[in-house]
Amino acid sequence: MRPSLRPVPAALLAAAVVAAASACGAPPDDAAALARAKAFQQALKQELMAAMAAGGPVRAVAVCSERAPALAQAASTDGWRLRRVGTKTRNITNSPSKADGEAFDRLLADATAPFVRMAGDGDVHWRHYVPLRVEAACLLCHGQKAGMSDELQQALAARYPQDDAVGYALGDLRGAIVVETLR
Ligand code: HEC
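Under my numbering, the final residue of the sequence shown carries the number 1174; numbering is consecutive throughout.
Here it is as structure tokens:
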């Protein structure tokens, strides 16, 4: 008896579509990207707050400069890469690329966007930009220079002679967490 031609079950078909998509690059996973950004942001905030409580803003500057890059690296696993970028830059190794600048333009045009997603280039398939807007706690180190203690100004100047990331006001777009999906 000849085997009858049966319709391919929907689940199998879906699996084939997913396999094909990942073969030529997976579709963007917004939820996973947002979850990664959130976990990184929370971990950093927790360490920043603990350092502030233990040793004030000067101690927190040291923690931020050492822990922010380390936590971003620790969060960069399983084909993801995370970094922070600013509309103005404190640490020049965080300087925005052309693509980062375009993402800022889009985030500035829509103050309520939870993220923007852009197709990547090179080894990056997708880039998710999760906005960081200035909260009261950020002003201490990113607000008006005149409002900072001499000690804090000195601690910042010692580490960041080219610091430009000051003068922000509450609600401003400070920058973004960039979550990259690698090819
Ligand atoms: C205790 C001081 C301090 C506070 C408070 C603080 N920051 Fe920063 N921020 C820093 C330092 C120091 C760096 C440089 C980190 C590095 O070397 O990577 C930095 C860098 C950044 C960057 C990366 C871009 C750049 O300029 O290098 C972003 C984005 C950022 N901060 C956002 C925020 C936001 C949002 C808040 C509030 C939730 C905040 N910061 C609060 C000290 C602070």
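Where a beta carbon is used, it is the ideal one built from N, C-alpha and C, also for glycine.
These numbers were taken from a predicted model, which means no experiment stands behind them.
Between Arg1027 and Ala1066, the gap from beta carbon to beta carbon is short of 8 Å. As the crow flies, the alpha-carbon of Ser1088 is around 32 Å from that of Ser1140.
Between ligand 1 and the CB of His1116, the shortest heavy atom gap is not smaller than 7 Å. For Glu1126, there is no enclosing beta strand (DSSP E), as DSSP marks it with neither H nor E. Sequence-distant partners of Leu1099 (beyond 5 residues in either direction) whose C-beta falls short of 7 Å from its own C-beta, in its chain, are Leu1164. Under the rule that a run must span 4 or more residues, the alpha helix (DSSP H) segments found entirely inside the stretch 1057-1120 read 1089-1100. The Cβ atoms of Arg1174 and Asp1101 do not sit closer than 8 Å to each other. Rounded to the nearest angstrom, the gap between the Cα atoms of Thr1172 and Asp1155 is 29 Å.
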